[in-house]
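Single-structure report; data block below.
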DNA sequence: GCATGATCATGC
DNA sequence: GCATGATCATGC
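In my numbering, the protein residues as written are 4 to 456.
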């Protein structure tokens, strides 16, 4: 069956809404394969009735439209999120290096996507997942500007003979995610003898979540930058430009200049300053389009006169049941740092002890640090859990044998509870004050100082 | 002066 | 009621 127009195709696609994969599946794919791509294949061969292929051309080639069947999920707080990144075509390092963006394999195959969303539910058999919504997706111009710059960055690494150093954190919306059975899925690259991990273009999970919320939850996101700006400059440059005029000011002075009311002691003071300063006063930061799509999370840093923060930085409390069960590759802490861009908003105490805005830094943890120090840290926590957590009463409180800040210079474990009764149970049954993932103050100091890493 | 255990305070 | 950003307090 050939679909002559986009409307015709969309009309057909919408007939799948409310159907489960079991209802659609004519060739018993559900029973015969456990492969992750099976759900997409069921839609291809049983619903649209064309042969599953891996052509460089888009699936509906006469229309230039690529079919993607992709999951979303409901969170505990009822909001919706994409369940995973959207994996596109594999990058052929040998041929992609010479192409322009519009000649690239990414653009050829994925410029128009028929996105069919199904709802993933824990504890539900995959045959019972239902297709909920379909959109014919064409990148908005604002997003395309960022995607082009992401693509250019990926290509620049290939051209520099550094395909083996590509990582998802390098880019904002379009990623180069690993794709292959294991670490041995390697490919050659044109400007280096080193083999590189096989990777595919992908739309990041945060980008897909923004689409889910826009099209299914009908949420509105607000851009802080204009199309013209995004076509000329990177998001990082634009952020630097927006913050630059406020360097040296106290929070009160910033608020006065921005004509907003804040209480510097309130937790909302810094996010309120950020949204006002970006020209989207009153918008929650997770409703800013660029932040949502690139998963930019802000963190405030207060440094002393010597440029070093007095305090370390805490993240999520450690879920001990989770950490003993998980694999490194899909561990909470690895995913967090692979997928999160952190916007450090740095304030510094001056000679009078007055806190003044110093600078910002858009940062993601380098892949080498994730795979070395962060991995060692994670492995050490598990080792302690496995070999035995030793709790010792001291004058200062209850000491434990989790990694301390001298472990490897990057991260440590430290308590974080609401009060003396805020405890959890360890896998071995002992009760312990809730513990948290912390990045060392000295490590944060190195990141936010001007010294290159 | 730093490291580390403890816990406050706010916002959802 | 809980999660989390923030910071205190004390011993070495």
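C-beta atoms are modelled at their ideal positions from N, C-alpha and C, and glycine is treated no differently.
Paired residues, beta bridge with residue i - DSSP
i: residue 440; result: 416
i: residue 178; result: 205
i: residue 74; result: 121
i: residue 65; result: Paired residues: none, contrary to the question.
i: residue 110; result: Answer by DSSP bridge pairing: none, since residue 110 is not bridged.
i: residue 300; result: 345
i: residue 362; result: 349
i: residue 406; result: In the DSSP output, where bridge partners are listed per residue, residue 406 has none listed.
i: residue 429; result: Per DSSP, none; premise fails for residue 429.
i: residue 396; result: 401
i: residue 305; result: 350
i: residue 312; result: 306
i: residue 15; result: Beta-bridge pairing links residue 15 to no other residue.
i: residue 116; result: 69, 140
Where residue i falls: helix, strand or coil (DSSP)
i: residue 149; result: helix
i: residue 51; result: coil
i: residue 288; result: helix
i: residue 278; result: helix
i: residue 173; result: helix
i: residue 43; result: helix
i: residue 268; result: coil
i: residue 97; result: helix
i: residue 226; result: coil
i: residue 494; result: Any property of residue 494 remains undetermined from this structure, which presents the chain solely from 4 to 456.
i: residue 197; result: strand
i: residue 445; result: helix
i: residue 435; result: strand
i: residue 382; result: helix
i: residue 456; result: Note on residue 456: pLDDT 44, under 50, position unreliable in the model; the coordinate value appears next. Coil at residue 456, not helix or strand.
i: residue 233; result: helix
i: residue 165; result: coil
i: residue 2; result: The chain is shown only over 4 to 456; residue 2 falls outside these bounds and no answer can be derived.
i: residue 87; result: coil
i: residue 192; result: strand
Beta-carbon separation (whole angstroms), residue i vs residue j, contact threshold 8 Å
i: residue 211; j: residue 85; result: 3 Å
i: residue 52; j: residue 97; result: Going by Cβ atoms, the distance from residue 52 to residue 97 rounds to 35 Å, so no, they are not a contact pair.
i: residue 209; j: residue 310; result: At roughly 31 Å, the Cβ-Cβ gap does not stay under 8 Å, so residue 209 and residue 310 are not in contact.
i: residue 113; j: residue 92; result: 7 Å
Query raised in the report: Taking only runs of the alpha helix (DSSP H) that begin and end inside the segment 316-357, which ones reach a length of at least 4 residues, in chain order?
Result: Annotation note: the segment 316-357 contains the following uninterrupted alpha helix (DSSP H) runs of length 4 or greater, listed N- to C-terminal: 323-328, 335-342.
Query raised in the report: Just checking, does the segment 409-420 make contact with the segment 374-387 on the three C-beta pairs under 8 Å criterion?
Result: Contact holds: three or more Cβ-Cβ distances are below 8 Å.
Requested in this report: Jot down the residue ranges of each uninterrupted beta strand (DSSP E) in the segment 118-163, minimum 3 residues, whole runs only, in chain order.
Outcome: As far as the segment 118-163 is concerned, its whole beta strand (DSSP E) runs of at least 3 residues are 133-141.
Query raised in the report: How do the segment 180-200 and the segment 47-57 stand: do at least 3 beta-carbon pairs fall below 8 Å, yes or no?
Result: The segment 180-200 is not in contact with the segment 47-57.
Requested in this report: Take every Cβ of the segment 13-22, pair it with every Cβ of the segment 135-143, and state whether three or more of those distances are shorter than 8 Å.
Outcome: Yes: the two stretches touch, three or more of their Cβ pairs being nearer than 8 Å.
**Report entry** Given 8 Å, three or more beta-carbon pairs between the segment 175-182 and the segment 197-206
**Finding:** A contact exists between the segment 175-182 and the segment 197-206.
Query raised in the report: Does the segment 283-303 touch the segment 336-356, meaning 3 or more C-beta pairs lie closer than 8 Å?
Result: Yes, the segment 336-356 touches the segment 283-303.
Query raised in the report: Taking three-plus beta-carbon pairs below 8 Å as touching, is the segment 418-434 in contact with the segment 316-324?
Result: Output reads yes: the segment 316-324 touches the segment 418-434.
Report task. Determine contact between the segment 352-372 and the segment 164-176, defined as no fewer than three beta-carbon pairs at a distance below 8 Å. Result -> Contact annotation: the segment 352-372 touches the segment 164-176, with at least three C-beta pairs closer than 8 Å.
Query raised in the report: Counting pairs of beta carbons, one from the segment 137-156 and one from the segment 223-231, are three or more of them closer than 8 Å?
Result: Contact holds: three or more Cβ-Cβ distances are below 8 Å.
Query - Contact the segment 353-368 vs the segment 243-252: 3+ CB pairs below 8 Å - result: Three or more Cβ pairs closer than 8 Å define a contact, and the segment 353-368 meets that threshold against the segment 243-252.
**Report entry** Touching by the beta-carbon criterion (3+ pairs, under 8 Å), the segment 261-281 and the segment 390-405
**Finding:** When C-beta atoms of the segment 261-281 are compared with those of the segment 390-405, fewer than three pairs fall below 8 Å, so the two segments do not count as touching.
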